[in-house]
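Participant: Have a look at this one before I ask anything.
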Amino acid sequence: MRNAETLALLGGKPINDKPFQFNNAIGEEERRAVLGVLDRGELSGFIASPGEPFWGGEAVRELQRMFCEHYGVKHAVAVNSATSGLLCALSATGIGPGDEVITSPYTMSATSTVALMLGAVPVFADIETDTFGIDPASVEANITPHTKAIIAVNIFGHAARLNQLRAIADRHGLFLIEDNAQAPDAVHQGRLTGTIGDLGVFSFNRHKVMQCGEGGVVVTNNDKLFEKAALMRNHGEAVLEGFGIDDLVNAIGLNLRMTELEAAVAIEQFKKLPRLNAERQALAQRLNEGLASIDGVIAPHVGEGDRHVYYMYAMKYDAARTGLPRDLFVKAMLAEGLFIRGGYLKPTYLYPTYQKRIAIGNKGFPFTANPRNQNLSYEQGLCPVCERFENRELMITAVMQPPQTLEDMDRYVAGIRKVLANRDALLKMAA
Ligand SMILES: Cc1ncc(COP(=O)(O)O)c(C=O)c1O
Numbered sequence: 002m003r004n005a006e007t008l009a010l011l012g013g014k015p016i017n018d019k020p021f022q023f024n025n026a027i028g029e030e031e032r033r034a035v036l037g038v039l040d041r042g043e044l045s046g047f048i049a050s051p052g053e054p055f056w057g058g059e060a061v062r063e064l065q066r067m068f069c070e071h072y073g074v075k076h077a078v079a080v081n082s083a084t085s086g087l088l089c090a091l092s093a094t095g096i097g098p099g100d101e102v103i104t105s106p107y108t109m110s111a112t113s114t115v116a117l118m119l120g121a122v123p124v125f126a127d128i129e130t131d132t133f134g135i136d137p138a139s140v141e142a143n144i145t146p147h148t149k150a151i152i153a154v155n156i157f158g159h160a161a162r163l164n165q166l167r168a169i170a171d172r173h174g175l176f177l178i179e180d181n182a183q184a185p186d187a188v189h190q191g192r193l194t195g196t197i198g199d200l201g202v203f204s205f206n207r208h209k210v211m212q213c214g215e216g217g218v219v220v221t222n223n224d225k226l227f228e229k230a231a232l233m234r235n236h237g238e239a240v241l242e243g244f245g246i247d248d249l250v251n252a253i254g255l256n257l258r259m260t261e262l263e264a265a266v267a268i269e270q271f272k273k274l275p276r277l278n279a280e281r282q283a284l285a286q287r288l289n290e291g292l293a294s295i296d297g298v299i300a301p302h303v304g305e306g307d308r309h310v311y312y313m314y315a316m317k318y319d320a321a322r323t324g325l326p327r328d329l330f331v332k333a334m335l336a337e338g339l340f341i342r343g344g345y346l347k348p349t350y351l352y353p354t355y356q357k358r359i360a361i362g363n364k365g366f367p368f369t370a371n372p373r374n375q376n377l378s379y380e381q382g383l384c385p386v387c388e389r390f391e392n393r394e395l396m397i398t399a400v401m402q403p404p405q406t407l408e409d410m411d412r413y414v415a416g417i418r419k420v421l422a423n424r425d426a427l428l429k430m431a432a
């Protein structure tokens, strides 16, 4: 008979037989709100012409008002995704061909593709080892006369080093945009993330902490940036006269508008956000406590004065201390029925778009529009810290959300212990 502690990967019984589930926080409130919109019959309130309807319908405006109030900002622009929000935000800075945006390679691809869409190019700074956000020193080293903006990503639910990045942006006359898609209501040194940059962008896609299927919001205190972002959202060129704007730069718009149905759901979800975050924090805290006594699997860093909202639970992995290569550890965890992933996403610059420098059309635009085109680097090895984490030293899980329970967190930690206790058998199997 096999020992109960035998690893599932080696023929034993998995420690967990409950499949992982994403949280479903859509309830009666959202259902009622959507029915209310259907009853009103106005599924979108937008019209692309000067006047009130340029700004959207009742629910869209209410969502924007709630964001302004909660985040203490003057303006909010609701859009149909954070990708659209990033496009509006970056467009508002007046960026264009020949310009550069310094950003993180450790994020979802949209953070940097919006630069390409506007004819600019992303320049990738390396990340730092606590927050996995862009390293201020690397940002500073990458500034050139062509740099126009920095896009910082508050990745996994924790702030990047935003105050330092703010200081760098101010010193060099650059815009700072926060990609806050993963960190609604995170705090950096006492301030809510999304409000430290000139513009902050939130996502409400299906897998975010609060969601409405697809959606997002841009927040800013700057009147001009707000107007430009709103023009990008709603066919800007069609309203310029009514708008009274003399500056046409990047005012050509798209249809990036949020529907009333999405806004109605987002409003209800936003009301629940404190609870949704608190639930994750309690579960994550249990994992933190469990990991405290495990050598080589390290709980997420939380900076002094910061609040982590745990969109993802990112652990550092030290193979020298566990005695197991990360990917073997991950394989054994998965066999135990425990949700984990080795790494997050490959560094953005390794995607074919950057490797082959083909983005808009087939002649190399917008890379060719950059005056130092030949010197732009997207080579493997460009951001060694990022590559190290992706290839060997980072693991993520999303188990710290309902309907998973505190007992599930304990089982998760027990699973980690079980795998590490079977190190020699695993190494023998892999040999
Ligand atoms: C960091 C980050 N930025 C941007 C996005 C894009 O968000 P959306 O799906 O709302 O366009 C995502 C979504 O996964 C993200 O995680």
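Sequential numbering from 2 applies to the sequence shown in this note's numbering.
Where a beta carbon is used, it is the ideal one built from N, C-alpha and C, also for glycine.
None of the values given here were measured: they were computed from a predicted structure.
Less than 8 angstroms between the beta carbons of residue 374 and residue 147, yes or no?
Facilitator: no
Participant: With C-beta atoms as the reference, is residue 64 less than 8 angstroms away from residue 49?
Facilitator: no
Participant: Please tell me whether residue 320 and residue 424 are closer than 8 angstroms, where the distance is taken between their beta carbons.
Facilitator: Taking the C-beta atoms as reference points, residue 424 is found no nearer than 8 angstroms to residue 320.
Participant: In whole angstroms, what separates the C-alpha of residue 179 from that of residue 416?
Facilitator: Using only the alpha carbons, I get a separation of about 36 angstroms.
Participant: Thinking residue 197 and residue 167 are a contact (beta carbons under 8 angstroms), I'd like their distance in whole angstroms, please.
Facilitator: Correct: roughly 6 angstroms between the Cβ atoms.
Participant: Please write down, chain order preserved, every residue whose beta carbon lies under 6 angstroms from a heavy atom of ligand 1.
Facilitator: 82, 83, 84, 108, 109, 111, 112, 154, 180, 182, 183, 204, 206, 217
Participant: Checking the sheet assignment: what are the DSSP bridge partners for residue 147?
Facilitator: Its beta-bridge partners do not exist; DSSP assigns none.
Participant: Here's the rule I'm using: 16 or more other beta-carbon atoms within 10 Å means buried, otherwise exposed. How should residue 125 be labelled?
Facilitator: buried
Participant: Between 19, 351, 77, which lies nearest to residue 203 when the distance is taken from Cα to Cα?
Facilitator: 77
Participant: Going straight from the alpha carbon of residue 160 to that of residue 187, what length do you get?
Facilitator: Using only the alpha carbons, I get a separation of about 7 angstroms.
Participant: Measure from the alpha carbon of residue 235 to the alpha carbon of each residue in 256, 316, 228, 113, then state which is nearest.
Facilitator: Of the listed residues, the one whose Cα sits closest to residue 235 is 256.
Participant: Which whole runs of the beta strand (DSSP E) in the region 366-403 are 3 residues long or more, in chain order?
Facilitator: Annotation: the region 366-403 contains the following complete segments of the beta strand (DSSP E) (minimum length 3 residues), in chain order: 395-398.
Participant: From residue 199 to residue 224, what does the alpha carbon distance come to, in whole angstroms?
Facilitator: The alpha-carbon atoms of residue 199 and residue 224 are separated by roughly 11 angstroms.
Participant: Is it true that the region 401-411 meets the region 273-291, where meeting means three or more beta-carbon pairs spaced less than 8 angstroms apart?
Facilitator: yes
Participant: Using the Cα positions of residue 344 and residue 132, report the straight-line distance between them to the nearest angstrom.
Facilitator: 15 angstroms
Participant: Are the CB atoms of residue 266 and residue 31 within a distance shorter than 8 angstroms?
Facilitator: yes
Participant: Where do the ends of the beta strand (DSSP E) carrying residue 173 lie?
Facilitator: No beta strand (DSSP E) contains residue 173, which is instead part of the alpha helix (DSSP H) from 163-173.
Participant: Is the region 269-278 touching the region 94-106, taking contact as three or more C-beta pairs under 8 angstroms?
Facilitator: No, they do not touch.
Participant: Quick check on the burial criterion: 16 or more other C-beta atoms within 10 angstroms. Buried or exposed for residue 419?
Facilitator: buried
Participant: Is DSSP giving residue 258 helix, strand or coil here?
Facilitator: strand
Participant: Using the three-state DSSP reduction, which class does residue 268 fall into: helix, strand or coil?
Facilitator: Correct three-state label for residue 268: helix.
Participant: Classify residue 4 as helix, strand or coil using the three-state DSSP reduction.
Facilitator: Residue placement at residue 4 cannot be trusted, given a pLDDT of 47 that sits under 50; what the coordinates show is reported in the next sentence. If DSSP states are grouped into helix, strand and coil, residue 4 belongs with coil.
Participant: Whole angstroms is fine: what's the gap from residue 182's alpha carbon to residue 363's?
Facilitator: Going by the C-alpha atoms only, they are around 31 angstroms apart.
Participant: Using the Cα positions of residue 138 and residue 192, report the straight-line distance between them to the nearest angstrom.
Facilitator: Spanning the alpha carbons of residue 138 and residue 192 requires a straight line of approximately 22 angstroms.
Participant: Which value, in whole angstroms, describes the spacing of the CA atoms of residue 427 and residue 108?
Facilitator: For residue 427 and residue 108, the gap between their C-alpha atoms comes out near 32 angstroms.
Participant: May I ask which residues mark the beginning and end of the alpha helix (DSSP H) holding residue 417?
Facilitator: 407-422
Participant: Where does the unbroken alpha helix (DSSP H) through residue 71 begin, and where does it stop?
Facilitator: 59-72
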